[in-house]
Amino acid sequence: EELKAGRIPALVATSSLELGIDMGAVDLVIQVESPTSVARGLQRVGRAGHQVGAPSKGVIFPKYRGDLLEVAVVTRRMHEGEIEATKIPRNPLDVLAQQVVAMTVMDRWTGDDIFRTVTAAAPYETLTRDVLDGVLGMLAGAYPSDEFAELKPRVVWDRVTDTIEGRRDARVVAVTSGGTIPDRGLFGVFMEGEAGTPGRRVGELDEEMVYELRAGMHGDVIVLGASSWRVLEIGHDRVTVSPAPGVPGKLPFWKGDAVGRPIELGRALGAFVAEMEADLGRGAKGRRDATQRLREHHDLDERAAENLIAYLEDEREATGALPTDKRVVVERFRDELGDWRITLLTPFGGRVHAPWSLAIESRLQERLGMDVQTIWSDDGIAIRMPEGEGSLDGVEELLFPAADDVEDLVVGQVANSALFASRFRENAARALLLPRRRPGTRTPLWQQRQRAADLLAVASRYGSFPILVETYRECLSDVFDLDALREILGGISSREIAVHGVETPKASPFASSLLFDYVAAYMYDGDAPLAERRAGALTLDRDLLRELLGQEELRELIDPDALADLELSLQAFVEDRQATTLDQVHDLLRRLGDLSADEVSARTVGGATIAVPWLRDLGSARRAVRVRIAGDERWIAIEDVGRYRDAVGVTAPVGVPDAFLGPATGALEGLLARYARTHGPFLTPEPARRWGLPVGIVNDGLERLLANGSLLLGEFRPGGAEREWCGPDVLRLLRRRSLARLRREVEPVDPAALGRFLPAWHGLAPVGGPGSDATPFRGTAALERLAEVVDQLAGVSIPASVLERDVLPARVPGYQARLLDELGALGEVGWVGRGSLGRDDGRIALFRPGRDALRPTSPVDGMERPDSERHDRIREHLARRGASFYREIHAAAGGGADRAILDALWDLVWAGEVTNDTFAPLRALRWKRPTGGNGSRRPRPGRLTSLGPPEAAGRWSLVEPVADLTATERLHAQALALLERHGVLTREAVAAEGVEGGFAGVYPVLRALEEAGRIRRGYFVDGLGAAQFALAGALDRLRAVREPADRPAETAVHLLAAADPANPYGAALSWPRRGETDRRPLQRAAGAYVVLVDGVAALYLERGGSTLQTLAPADDPAVAAVALRAMATLVSTGRTRELVIRKIDGLPVGESPWREVLTAAGFSAGYRGLTIRGAR
3 EELKAGRIPA LVATSSLELG IDMGAVDLVI QVESPTSVAR GLQRVGRAGH QVGAPSKGVI
63 FPKYRGDLLE VAVVTRRMHE GEIEATKIPR NPLDVLAQQV VAMTVMDRWT GDDIFRTVTA
123 AAPYETLTRD VLDGVLGMLA GAYPSDEFAE LKPRVVWDRV TDTIEGRRDA RVVAVTSGGT
183 IPDRGLFGVF MEGEAGTPGR RVGELDEEMV YELRAGMHGD VIVLGASSWR VLEIGHDRVT
243 VSPAPGVPGK LPFWKGDAVG RPIELGRALG AFVAEMEADL GRGAKGRRDA TQRLREHHDL
303 DERAAENLIA YLEDEREATG ALPTDKRVVV ERFRDELGDW RITLLTPFGG RVHAPWSLAI
363 ESRLQERLGM DVQTIWSDDG IAIRMPEGEG SLDGVEELLF PAADDVEDLV VGQVANSALF
423 ASRFRENAAR ALLLPRRRPG TRTPLWQQRQ RAADLLAVAS RYGSFPILVE TYRECLSDVF
483 DLDALREILG GISSREIAVH GVETPKASPF ASSLLFDYVA AYMYDGDAPL AERRAGALTL
543 DRDLLRELLG QEELRELIDP DALADLELSL QAFVEDRQAT TLDQVHDLLR RLGDLSADEV
603 SARTVGGATI AVPWLRDLGS ARRAVRVRIA GDERWIAIED VGRYRDAVGV TAPVGVPDAF
663 LGPATGALEG LLARYARTHG PFLTPEPARR WGLPVGIVND GLERLLANGS LLLGEFRPGG
723 AEREWCGPDV LRLLRRRSLA RLRREVEPVD PAALGRFLPA WHGLAPVGGP GSDATPFRGT
783 AALERLAEVV DQLAGVSIPA SVLERDVLPA RVPGYQARLL DELGALGEVG WVGRGSLGRD
843 DGRIALFRPG RDALRPTSPV DGMERPDSER HDRIREHLAR RGASFYREIH AAAGGGADRA
903 ILDALWDLVW AGEVTNDTFA PLRALRWKRP TGGNGSRRPR PGRLTSLGPP EAAGRWSLVE
963 PVADLTATER LHAQALALLE RHGVLTREAV AAEGVEGGFA GVYPVLRALE EAGRIRRGYF
1023 VDGLGAAQFA LAGALDRLRA VREPADRPAE TAVHLLAAAD PANPYGAALS WPRRGETDRR
1083 PLQRAAGAYV VLVDGVAALY LERGGSTLQT LAPADDPAVA AVALRAMATL VSTGRTRELV
1143 IRKIDGLPVG ESPWREVLTA AGFSAGYRGL TIRGAR
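Under this note's numbering, the first residue of the sequence shown carries the number 3, and numbering increases by one thereafter.
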């Protein structure tokens, strides 16, 4: 009221700014620390100027640099109104228990009335009566109170009449312990008063803060408000203080539950970091642009903007990469005690990191026997390894469990967490199982924890104990974001999210804040479960948990087509289920129940002309009778007359034998059970309308069937909005048929899917599609991306002329030749020759030092060992002197013409015996080969060429043999490299690479990897043999592109060098042919190109660019048009100055029917052929 009256100039508030409280006129909101979500920020800042047309003004003060990063994103999204989704808690049983007690202490209720009232509220609309009965049983004393007194009954439940009323003592409990805000056990702070009288209240302190205080004449001084207070006495529920003016004191703290960054904000924060990283990679200009954007679009002042940029730069300098929405950083270092710490740095928030950390603990304990300590925050997960000298071998791969396994890992681990214990304590208090002892008094937090631990020890023996199940539900559904975690782990598996590992001498700036949290985490461990509960897993009723969490997974599992087919079969609409004889018509009536003549006809082969006479014959034989049900005339089997009389109220026709007119026990339940057996999932009104019965009566019958296990209730029908009834056998059939359809989806994909998959696996953007205009990599990011590419291409032979013109630029946007030189200068890449392709080109294999197992050492196929005297002299010199420049080699080889020496040197290069420490000779080879005469002219002393021709630049050395590697180690490394390169590995792909020993050589390693669960084996691509192996993430991506694009605009078009490893044709796949007579020599030749349209080879441009081969898919004019446009990018991207097509499919261009197609695509007629030129 004083604030409204304007008498209070400022007010310190907590989360009350988010509530709908009338705060009065507020001019400015000052938010200390990030609000952690956009919705929270808008709600709080929106308190200022809370009048129509008035602006809302707020200032946010970040507490540390990491907080500043989140604030920058939150403010921008506040402007854009990007609030997060609101999630309603589903079936919170603790609140339900409290409400049931509160309802029944006022009036007597029936269970049905409670159920109807409760399920009218949105959080409980999916609550089942079984779950409600479980809560009623708990409140009525179904669990032993002799072991824990607070389990004594709160209500009296007469199960015969299904009436519930509150016990007399429940009224006091409901009044004194009601509410949903957890009791934090705060201590009131009071001034010292007159003897025997309490003094004035001055505030509250967190119990954990009080633990750290000393009382007495020399007690600690604390600051509350703007005053200092000396602690005189600490009682069981209060702290007594006296003024201490002018004395500096401790600032108090209050611990609240971490809200957790929403996944929407986490992804936005990651995308923002990626944008900043790209800007900072552009040097000074990028830094200026970033600063300007932070000030103009993110509301940061100049100092804050500079601070944030410095923070990101410091992190990038420490770890080499920033965590983004597409990259996870794994940082490892030793702490001050020499123990290993591993931090997973991601922006996805605590609701993702909390279950992730539990899954990591479970995996490390299961696989390595390590009992690790983890801590999580919104910015990542920190892991402390138990042994200071221990190795981290095998640890990092356990940090990323499979998306399908993570829920089971979390469920198995969460009960051992402090989070579970604290949530159980709060839930038990809300359910009135841990009531306050006296109104208005605090229960110390330590005492709450102790009592909750005792209750949990009892409850853990009952898997369906409602508050135990509720705690699982709350952790898995409300606290954790398992859906987002599954999506992220799936992205990591499919490599849509990269993992950057780094070892640092000390914690990076991002990791430092995580380490600080260790102190708070382990200083007070009161909520940790008892040792006895760690030893034995809780007996969790997972069916009940699934009921609480919802059954959307069944909606997703059930295939709509499978459901439609099953319903047709159950109702005898499919031909093999239709009646073909009179007896089978009788069987229809017995199996399906009441049917009209038209309905019988629809289920009889031959229709009404056959069915109607048969029905009359059945009536005459007193095997069936006509009755009226819901106003319609229907036929029923005579055996069902008594059942329909008692259940539906039909009048028995005259002449029905007495044997069929006796009382029918459970008549309605019998009809409903048959209805459920012959229908898919249904709603209560459906059988009610069929028989003209009140919905309530039918629902009661369905509930009785549910109670005895004859019926299921859940969310089964795809696209449904309500819970449906379903027979167990029907659901079993439905699941089986749906799984059969899913298995058909797991059937091998068409070869074209491999053509869609492989370019994407290599990171190649389609021509003109998403990613084709990607921001060029700059600086360290470019080198890191190039190193990743080299890793994927390690060991495979690629023509040198193709490598830097086609292969690397397709994978590294903004690629420049100097990047490969820089990587080589850093000792991060080397090369070795793998065979000559004429005088100016040859195949080379890249390799990363330290991965020697991938460096080719075997002789080049089809090439004899160079053995002239000059070759031997060069070998001897390099063996004796080591790395040498050309002139040293020239002299050692006996001197003479450069050409002869160069020929001998390059013979050794292409034979894989000699290499160079730069890539310059490979580039120069194509353009500066010695020409003219006999090459005998000698360079004059003093000229630059005295150092040697350009193709002889750098230092030459022998390719050293790979030492200390067994054959098994080499094969293991090769198998892993093949899998990394191909994702889905086939016999044909291995053969195309010319791997030593072929597919048979690596097969034992692949089989061992499959048996170890690291890869999968199956028949994934049709027509490529049964022995196929795949990485799990690759397999998912392959199946994701099973079907071709629906619309031309979505068709991916790739222009690839024919020799590019991302081109499956001519290797894993055969070239598309125009019938058996098509024997055109299509090869993976250097200088040739292939255009893939939706994964299928459509055009093949031979080396030199003058001959075009069209393949069968190009017969489609739309395919031909997009393929030719893609081919024209050879000119627009500068890979060639012009394309001149002289022949098409063996015919001169003037005679080819393709002439008009090329002209329409932009080619123009010239004297040499159809030409397209680049812009001058």
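Don't be surprised by glycine CBs; every beta carbon is placed ideally from N, CA and C. Predicted, not measured: the structure shown is a model, and the values here were computed from it.
Query	Result
According to DSSP, residues forming a beta bridge with V1093	L1057 and L1101
Best match in V992, A784, C728 and S712 for proximity to F718 [C-alpha to C-alpha]	C728
Run of the alpha helix (DSSP H) containing E319, from where it starts to where it stops	E304 to T321
Expected contact under 8 Å - CB spacing of A307 and T293 to nearest Å	5 Å
Delimiting residues of the beta strand (DSSP E) encompassing A2	Lying before the first or after the last residue shown, residue 2 is absent from the chain, which here runs from 3 to 1178.
Helix, strand or coil at A533 [DSSP, three-state]	Only weak support is given to the placement of A533: the predicted model assigns it a pLDDT of 31, under 50, and the value that follows is read from those uncertain coordinates. Looking at A533 - three-state DSSP - the assignment turns out to be helix.
Where the alpha helix (DSSP H) through W342 begins and ends	Not the alpha helix (DSSP H): W342 falls in the beta strand (DSSP E), residues W342 to L347.
R931 (DSSP reduced to helix, strand or coil)	Residue placement at R931 is poorly supported in this model, since its pLDDT is 43, which falls under 50; the coordinates still yield a value, given next. R931 falls in the coil class under three-state DSSP.
Among H81, E127, I62 and R79, nearest to A723 - alpha-carbon criterion	E127
Inter-residue Cα distance where the pair is R647 and L436	53 Å
Length of the line joining the Cα atoms of R628 and W637	5 Å
C-alpha distance - A742 paired with S598, whole-angstrom precision	34 Å
Helix, strand or coil at V997 [DSSP, three-state]	coil
Own chain partners of A459 with C-beta closer than 6 Å, once the 5 adjacent residues on each side are dropped	none
Residue burial classification, L704 (beta-carbon count within 10 angstroms, cutoff 16)	buried
For D456 and V652, the rounded distance between their alpha carbons	59 Å
Contacting residues, own chain, Cβ-Cβ under 6 Å from A754 (five flanking each side not counted)	G1097 and V1098
Between the CA atoms of D109 and V177 - distance to the nearest angstrom	15 Å
Contact the segment 272–288 vs the segment 241–261: 3+ CB pairs below 8 Å	no
Supposed close pair E1140, I1174 - CB separation, criterion 8 Å	7 Å
Residues sharing a beta bridge with Q45, DSSP	In the DSSP output, where bridge partners are listed per residue, Q45 has none listed.
Collapsed DSSP secondary structure at N936 in the structure displayed	With a pLDDT of only 38 at N936, under 50, the local geometry of the prediction cannot be trusted, and the value read off the model is given with reservation. It is coil, neither helix nor strand.
Pairwise C-alpha distance: G493 and E921	In the sequence on display, residue 921 carries Phe and not Glu. Distance between the alpha carbons of F921 and G493 is about 35 Å.
L559 versus W833 - alpha carbon distance	50 Å
Alpha-carbon spacing of G829 relative to P851, whole angstroms	7 Å
Whole alpha helix (DSSP H) elements within the segment 697–759, 4-residue minimum	697–709 and 730–747
Outcome for Y1169 when other beta-carbon atoms lying within 10 angstroms are tallied against a minimum of 16	exposed
Chain B contact for G1000 (CB, 8 Å cutoff)	Within the model displayed, chain B is absent; a lone protein chain is all it includes.
Assigned secondary structure, Q976 (DSSP; H/G/I helix, E/B strand, else coil)	helix
Three-way DSSP call (helix, strand, coil) for H873 in this model	helix
Member of L296, V158, A1069 and A881 whose CA lies at the smallest distance from the CA of L756	A1069
Beta-carbon proximity list for V412, same chain, < 6 Å, skipping 5 on both sides	P357, L360 and A361
Of the residues T583, E398 and A893, the one placed nearest R365, counting alpha carbons only	E398
8 Å contact criterion, which E167 and F189 should meet: CB distance rounded	That pair is no contact at about 38 Å.
Closest Cα partner of T1109 within the set P1150, A7 and V1133	P1150
Q586, DSSP secondary structure in three states	helix
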